Structure formats: structure tokens, C-alpha cells
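K.L.:
Just so it is clear: in the sequence shown, position 311 is 311 by the UniProt record's numbering, and no numbers are missing.
Supplied in C-alpha cells, the structure appears directly below.
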Amino acid sequence: MEAALKETKAKTSEVSGADLLLNALEKENVEVIFGYPGGAVLPIYDKLYDSKILHVLPRHEQGGIHAAEGYARISGKPGVVIATSGPGATNIITGIADAMMDSLPLVVITGQVATGVIGTDAFQEADILGITTPITKYNYQVRDIKDIPRIIREAFYIATSGRPGPVVIDFPKDLAAGVAAVPVEEEIHLPGYQPTMEPNFLQVRKLSEAVSRAKRPVILAGAGVLHAKASSLLKEYAEQQNLHVVHTLLGLGGFPAGHDLFLGMAGMHGCYAANMALYNCDLLINIGARFDDRLTGNLKHFAPKAMVAHIDIDPAEIGKNVPTQIPVVGDAGEALRQLLRLGGSPPVQEEWTETLTAWKKDFPYHYENSDALKPQKVMELLYEKTAGEAIVVTDVGQHQMWAAQYYQLQHADRWVTSGGLGTMGFGLPASIGAQLADQDACVVAVLGDGGFQMSTQELAVIAEFQLPIKIAIFNNKALGMVRQWQEIFYKERYSHSKNPVQPSFVKLAEAYGIKGFEIHSEEEAHLILDQVLHDKEPVLLDFRVDGAENVYPMIAPGKGINEMVGVKK
């Protein structure tokens, strides 16, 4: 009898690997999982049947991981993804790489074949650790059931601390189904991973002193400001020191676009004032930006007269592309707090301020109106009709640049786009994650007809959850940015960049039970936007825009940031 009781007690203290996984996810306050079931993850899905965590089933694994990116970007919490082994895991590789480039926190759980057959080319086996090593902050393969809670805690810590990014956990099926005694929880101890959060005060003081001496200073603010939740600190510091602010594509929203000190977005399709400020400044203060090629243009002509200060949580970024005289490793928010405490009188820069103000006034974004529906006008209308309060999620291409140029973001965390990797097909599923992260927000998905057709199946998710996303397709029946480059650089040889045969996007939406409208004119755009933008249901808007329109200004490859074309006074 006593032996039987001991045996019963032992059994009740044992749990499955899948139970340990879900318990650990619940302890991390996970509210949403984007996942697609398959053989290797069925033990996990059996336990998910009784879980309180919301599970969202994408219609393709890549849609699931892009949705998780959108969720992470708006919520600030890690997006959680589950995919089965083999093709399920390989289908999410693009999303992992995208999150790595854009510093988005993801915890990705991939199924794996049973431990006994790993390395034998078993059915649906893929070396996901080897594949993802270059595109993750870290990856794990579970080898012991007792390690599961520790691995989950570490994965969430790594994904969210320092520079955010994706972490992959490869989970063999037999360990998900197997049982073990509940392990004792231990403190996270990662001696090889200690991100620097508090900047070196001496370096920050050097920067403060450089600001006081500068005659032509400018701040370049990247996504690091947003990741650090430091937008209000940036505004306070810019106002304290009377410093003008330029944004990267991913940094948009970190400083209010309507502020007098805001110059605009810099880079290949940035505005004249922002690019010329970077070219002519004598002190460039980079806060959380990567100095990537689409921002800098030809490095020989980037900020040639400037002392460069670079604040970044990732020391690998400092000095990587642009020589840096004042490196500051640490959290952007902590650095800004130190700068604010140091204070000091704003530098005297009347002539510089007058020059910047004149550039901003005299060289705005522009386009020529005509009878055709202009994509820039559509973006202006979307901004006007949403009062600038929408969460704007874009795909990749011309429409992405028009959204960045013409939707004047006033708040942080209202902008979701694929910047570093430039992933077509990102926009529609990312809007799903953004809407789930902020269910009361007006979410506008700005897409091209090409990118939309890479992920149309995710309309099913929008319909299933009745997410009130407004899907704005900029339909020029072409791969617009490819066509633009072929026009400018390849003598108008339009090799396979036109989309002459397309489905009716309106009928496609209606097939999913979503309302759709085809819009051909500015008048129709006014009327229909007034009608649908505040509906609490999804709507697809097929804007038939001018197919010959190009994105300007533009810096050609190999040219300097001061060598823009398409600038008009």
C-alpha cells in the first residue's frame, strides 16, 4: 500500500515536455501564439487545446512569423511562433532574418524529429540550428526535458535585452511528448551575455561638450530610440539644446513630424532638408541607427565635415560603416537622461537654424497632379482622414516610401515596416499582429499589388477574427520599384516587372467575406474613405494609381547623400 502511494505521488509530480513549455510561456505572460501544427509539434498542440493563450493559425508559416513581427513591434513584447519540423521551419526563415535585421524580439519554437533519428535525414528533418545560426541572436536545441523552463526563460531574456532580436528553440518531438519531474527553477545566469545598458558617463560628457561647441549639429534618430521607449526623452533633449532631428526609415514616429525641429526622413528617398543637414553638419549625433547603405549613400560623401557621435546598445554597430569620434555604448534612453542632466546652454546656431528652416520650407516632397489617381494623394488622404492617428503597416516597394514621406507620424509605435531585409509579402500579415497588439487602434495596411499577392491567403485570418484592418492596395499593375529602376537605369527595358494579369482584388476579398472597393479617382477616394475608415470591420481598398509614377527624391547607387534627383523648389 505504501509503495503504491509513493508510485502515485511520483507520477503526479511528473509532467510532459509540452506541459513544461506551455507553463513556461504562461509565466512569461504570453498572450498570443502564431503557429501552424504538424507532426513534430502535435504533442505541443494537444496541450494547446486546453490553454488560455490565444492561438492564431496563419494560412502559411511565413505569414505567421510576419504577424509575430507586427505584434512585437507594436506591443513591445516578444512575438511567439510555433512551426513544425522540416518545411514548417524553413518556411519561417525569411521572417527570422527580417526580425534580426530590424531588431525585433521573437521567440520561435520549431518542431524537430525525435532525438534518436536526428542526423539520419528522417522524414521532415532539417538542420534548423545550422540554418538559423547567422540570423538569430541565439538558438537552442532541447536535449533534456528538465531544461525546458530554463531555456524558455533565457530565450525571452535574450530576445528582449540589449539589442532585441529573434531566438530559436528547436524542440524534438520525443522530448515534447516525454515526461520528467518538475524541475526547480533557477535564476538566469548567462556569463557570456551581459549587454551594456548604462553608458559610460565620461563619453556622454564628451558628447555634451561637443554639442556646446558645435555650429551645425543635427540628431539622426533610428529605431533604437523606439526600442528604448525614449521618444519623449529625445523630444525633451532636442528642445533643451535646440537640435534639429532627422529620422531613418525605421525610426519614424520617434520624434513628432509636426515639430519645428523635425527635418524629415533621410536616405535614398529622404527629403532634401534631412539629407543636406547630414551632408553639411559639423556634429552628427546618431542615436540608435545603423548607418546602413540606404541611409548613407556613398560613404565618401556622408557627413564629410562632421564629428560623429554614435549612441548604440550594440557595440558592433559603432564604427562599422562610419568612423566614430565619440562612441557611446548603452541604452538610448539612459544616454538621453544623462545628456539632459548635463544640460548646458544651447549652442549658438542662428545661421544654421535659418538654413535648415529654409531647406525644409523651399524643398518639400512634391508631385505633379493629373487626372490619374496619384499614390501620393492617396497617402495624403489616408493621413487626413485618420487624423494621423493610425498604425501604418507597409509592405515593401514604392508605396512603402510614399507612406514614409506623406504620412506624418506624430507618435511612437505607430509605424511597422520591413526596413533592413525589405521583405515583400510582409505587410498584410504584419498588420494582423499589429491589430492584435492594439485592438482599439485604426490599422491601415499599405500594400502594393505585387506584395499583396505574396500573402493574400492571410485574408482568411483577418476574416476569421474580424480584425478591422483597412487594406489599402496601391495597384499600379507592376512591381513598381523594379519598374522605376528599369526606367532610370536600364533604358526602360521592363523585364518581367509588369503584372498584366491579376485577379479582382475586390472579388477576392468578398470571397473571404470582406468588403471591397475599387477606387479610380480622388473624388471616389474621398467618398469611400469617409464611408469605411471608421468601420469596425475589415475593408479592402483597391486604389488604381498612376502606373508611371516614381518615388522622388532619389539618390542613385554610388552617389552621395547630397546628390539627389527629383528635387524641385
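A virtual CB, placed ideally from N, CA and C, is assigned to each residue, including glycine.
In this text the structure is predicted, and so the values were computed from the model without any measurement.
Ordered along the chain, which non-local residues of its own chain (more than five positions away) have a Cβ less than 6 Å from that of Gly38?
P.N.:
If we look at Gly38 and ignore the five residues flanking it on each side, its Cβ neighbours are Thr84 and Gly88.
K.L.:
Drop a sphere of 10 angstroms on the beta-carbon of Lys569, count the other beta-carbons inside from all chains shown, and report buried for 16 or more, exposed for fewer.
P.N.:
exposed
K.L.:
Taking only runs of the beta strand (DSSP E) that begin and end inside the region 133-159, which ones reach a length of at least 3 residues, in chain order?
P.N.:
138-141
K.L.:
Within the same chain, show all residues whose beta-carbon is closer than 6 Å to that of Gly450, passing over the 5 residues directly before and after it, in chain order.
P.N.:
Leu479
K.L.:
Determine the contact status of Leu252 and Trp415, defining contact as a CB-CB distance below 8 Å.
P.N.:
yes
K.L.:
At a cut of 8 Å, does the region 219-228 reach the region 245-263 through at least three beta carbon pairs?
P.N.:
yes
K.L.:
Would you report the Cα separation of Lys374 and Val545, rounded to the nearest angstrom?
P.N.:
6 Å
K.L.:
Check whether the Cβ atoms of Lys470 and Val567 sit closer than 8 Å, and answer yes or no.
P.N.:
no
K.L.:
Can you give me the C-alpha to C-alpha distance between Gly319 and Val308, rounded to a whole angstrom?
P.N.:
Their backbone Cα atoms lie some 10 Å apart in a straight line.
K.L.:
Would you call the region 330-347 and the region 230-243 touching, i.e. three or more CB-CB distances under 8 Å?
P.N.:
yes
K.L.:
Look up Asn286 in the DSSP assignment and give the residues it is bridged to.
P.N.:
Leu220 and His310
K.L.:
Looking only at its own chain, which residues have a Cβ that is under 7 Å from the Cβ of Leu467, when we skip the five neighbours before and after it?
P.N.:
Ile432, Gln435 and Pro538
K.L.:
By the DSSP assignment, the alpha helix (DSSP H) with Gly427 in it spans what residues?
P.N.:
Gly427 to Ala437
K.L.:
Could you tell me the distance, in whole angstroms, from the CA atom of residue 576 to the CA atom of Pro553?
P.N.:
Residue 576 is absent from the model: the chain starts at 1 and stops at 569.
K.L.:
By how many angstroms is the C-alpha of Val378 removed from the C-alpha of Gly525?
P.N.:
The amino acid occupying residue 525 in the given sequence is Ala; Gly does not appear at that position. Taking the straight line joining both Cα atoms gives about 7 Å.
K.L.:
Starting from Asn280, trace the alpha helix (DSSP H) in both directions and tell me its first and last residue.
P.N.:
Tyr272 to Asn280
K.L.:
Can you tell me which of the three DSSP states Arg544 falls into?
P.N.:
Arg544 carries a strand assignment under DSSP once its states are collapsed to helix, strand and coil.
K.L.:
What's the C-alpha gap between Ser232 and Gly333?
P.N.:
9 Å
K.L.:
Using the three-state DSSP reduction, which class does Met265 fall into: helix, strand or coil?
P.N.:
strand
K.L.:
Sort out for me which residues DSSP pairs Asp170 with in a bridge.
P.N.:
Thr110 and Gln141
K.L.:
In whole angstroms, what is the alpha-carbon distance linking Leu25 and Ile53?
P.N.:
9 Å
K.L.:
Threshold first: 4 residues or longer. Then list the alpha helix (DSSP H) segments lying entirely within the region 338-413, N to C.
P.N.:
350-362, 375-385 and 398-406
K.L.:
Can you tell me whether Tyr494 is buried or exposed, with buried defined as 16 or more other CB within 10 angstroms of its CB?
P.N.:
So Tyr494 ends up on the exposed side.
K.L.:
So, for Ala67: in the same chain, excluding its five sequence neighbours on each side, which residues have a beta-carbon less than 7 Å away from its beta-carbon?
P.N.:
Phe34, Val56, Pro58, Pro429, Ala430, Ile432 and Gly433
K.L.:
Quick check on DSSP: helix, strand or coil for Glu7?
P.N.:
Note that Glu7 has pLDDT 43, beneath the 50 cutoff, so the model's placement of it is unreliable and the number below is only indicative. Of the three classes helix, strand and coil, the one that applies to Glu7 here is helix, per DSSP.
K.L.:
If you draw a straight line from the alpha carbon of Pro183 to that of Gly111, how long is it in whole angstroms?
P.N.:
22 Å
K.L.:
Kindly indicate which residue of Tyr407, Arg216, Arg290 and Asp293 has the alpha-carbon position closest to the one of Leu284.
P.N.:
Arg216
K.L.:
Quick check: the Cα distance between Ala176 and Arg143, rounded to an integer number of angstroms?
P.N.:
11 Å
K.L.:
Find out if the Cβ-Cβ distance for the pair Val107, Ile92 is shorter than 8 Å.
P.N.:
Against a cut-off of 8 Å, the Cβ pair of Ile92 and Val107 comes out as no contact.
K.L.:
Short of 6 Å in beta carbon distance, which residues of its chain neighbour Ala99, apart from the five on each side in sequence? Order them along the chain.
P.N.:
Glu69, Leu106 and Pro166
K.L.:
Quick check on DSSP: helix, strand or coil for Gly79?
P.N.:
In the three-state scheme derived from DSSP, where H, G and I count as helix and E and B as strand, Gly79 is classed as strand.
K.L.:
Give every residue of the same chain whose Cβ lies closer than 7 Å to the Cβ of Asn298, excluding the five residues on either side of it in the sequence, and list them in chain order.
P.N.:
Gly558, Lys559 and Gly560, listed in sequence order.
K.L.:
To the nearest angstrom, report how far apart Gln531 and Ala463 are at their CA atoms.
P.N.:
20 Å
K.L.:
Would you grab the beta carbon distance between Gly397 and Glu198 for me? Rounded to a whole angstrom, and I think it's under 8 Å.
P.N.:
Gly397 to Glu198, Cβ: 40 Å. No contact.
K.L.:
On the DSSP letters alone, give me the boundaries of the alpha helix (DSSP H) that Lys569 sits inside.
P.N.:
Secondary structure note for Lys569: it is in no alpha helix (DSSP H), with a DSSP letter that is neither H nor E.
K.L.:
Taking the beta strand (DSSP E) that Leu447 belongs to, which residues open and close that run?
P.N.:
Val443 to Gly448
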